[in-house]
Ligand code: CA
């Protein structure tokens with residue numbers, strides 16, 4: 221892969237909000253690939269480049285990118301076939317690069333459904349803008365709802381409050397994070413290590429029992445009868461789950 225010089229600083233850049241994510245760029249023209257790679261890297265993304273369909277699929281399996289920039293005209297296979305294969309095991313967002321605007325019907329057809337496209341010749345800045353917009357959209361779609369209700373228990377993430385039958389439950393920050401994690405996926409069993417990871421960001425096996433102490437406190441505050449909890453349930457030998465009634 222040839223190394224293109226870094227693009228000059230761009231005065232039109234919005235004061236760069238730290239971009240993050242891994243982008244796979246699939247493009248057989250090394251000059252275009254390098255240009256797109258450099259601009260995306262400059263915007264803060266990790267970038268992998270693949271020059272063929274075969275490379276693209278292998279790389280996608282290995283790196284699990286957050287988004288794929290995919291050239292429609294590849295030497296070994298049609299870009300739409302590649303898109304179909306990428307989407308087979310993943311819902312990864314795709315921004316298509318196409319040389320002809322009359323291909324757009326195919327690109328945006330329901331059959332494959334690229335999330336966005338850029339027509340060549342394009343400015344690399346435009347590609348970065350599309351990538352950023354698609355990732356932002358996907359992130360918003362996947363962001364957990366601000367409010368979650370399970371039975372009479374209501375969790376409000378932005379206000380960081382928990383109520384049961386309308387009565388506020390006074391939780392510490394750690395207890396709140398613990399309940400929020402459990403309520404994100406009611407019914408799902410979490411191990412102590414996963415819960416510790418969620419509330420402290422790191423998991424040490426020897427500290428997993430501290431989760432039990434937090435759970436005990438949460439039950440004392442939330443449950444009508446802490447000895448017979450109806451919300452935060454113990455899954456013996458595994459961990460805890462929030463009852464999904
Ligand atoms: Ca091409």
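Numbering (this note's numbering), first residue to last: 221 to 465.
For each residue, glycine too, the CB sits at the ideal point set by N, CA and C.
If you're wondering where the values come from, they're calculated on a predicted model, not measured in any experiment.
query, result
"Using the Cα positions of residue 319 and residue 249, report the straight-line distance between them to the nearest angstrom.", "12 Å"
"Let me know the beta strand (DSSP E) ranges lying completely inside the segment 233-284, each 3 residues or longer, listed in chain order.", "242-246, 266-270"
"Under 6 Å Cβ to Cβ from residue 389, same chain only, skipping five residues before and after it: list those, please.", "382, 441, 442"
"Using the Cβ count rule (16 or more neighbours within 10 Å means buried), how would you classify residue 256?", "buried"
"Determine whether the beta carbon atoms of residue 452 and residue 415 lie at a separation below 8 Å.", "no"
"What do you get for residue 454, buried or exposed, if any count of 16 or more other CB atoms within 10 angstroms of its CB means buried?", "exposed"
"Does the segment 368-376 come close enough to the segment 277-287 that 3 or more CB-CB pairs lie under 8 Å?", "no"
"Take residue 466 as the anchor and find which of 307, 438, 432 has the nearest alpha-carbon.", "Outside the displayed range of the chain (221 to 465) lies residue 466, so it cannot be described from this structure."
"When every heavy atom of ligand 1 is checked, does at least one fall within less than 7 Å of the C-beta of residue 255?", "no"
"Just to check, is the beta-carbon of residue 468 closer than 7 Å to a non-hydrogen atom of ligand 1?", "No information on residue 468 is available, as it lies outside the stretch 221 to 465 that the chain covers here."
"What number of angstroms, rounded off, separates the C-alpha of residue 268 from the C-alpha of residue 292?", "17 Å"
"Given this structure, state the Cα-to-Cα distance separating residue 261 from residue 334, to the nearest angstrom.", "22 Å"
"How is the beta strand (DSSP E) around residue 384 delimited, first residue to last?", "381-384"
"For residue 360, does the count of other Cβ atoms within 10 angstroms reach 16, so buried, or fall short, so exposed?", "exposed"
"Under the rule that 16 or more other beta-carbon atoms within 10 Å means buried, what is residue 480, buried or exposed?", "Any question about residue 480 goes unanswered here, given that the chain covers just 221 to 465."
"Please report the Cβ distance between residue 354 and residue 313, rounded to the nearest whole angstrom; I am assuming they are in contact, meaning their Cβ atoms lie under 8 Å.", "5 Å"
"State the DSSP-derived secondary structure class of residue 288, mapped to helix, strand or coil.", "strand"
"With hydrogens ignored, establish whether the beta-carbon of residue 249 is closer than 7 Å to any heavy atom of ligand 1.", "yes"
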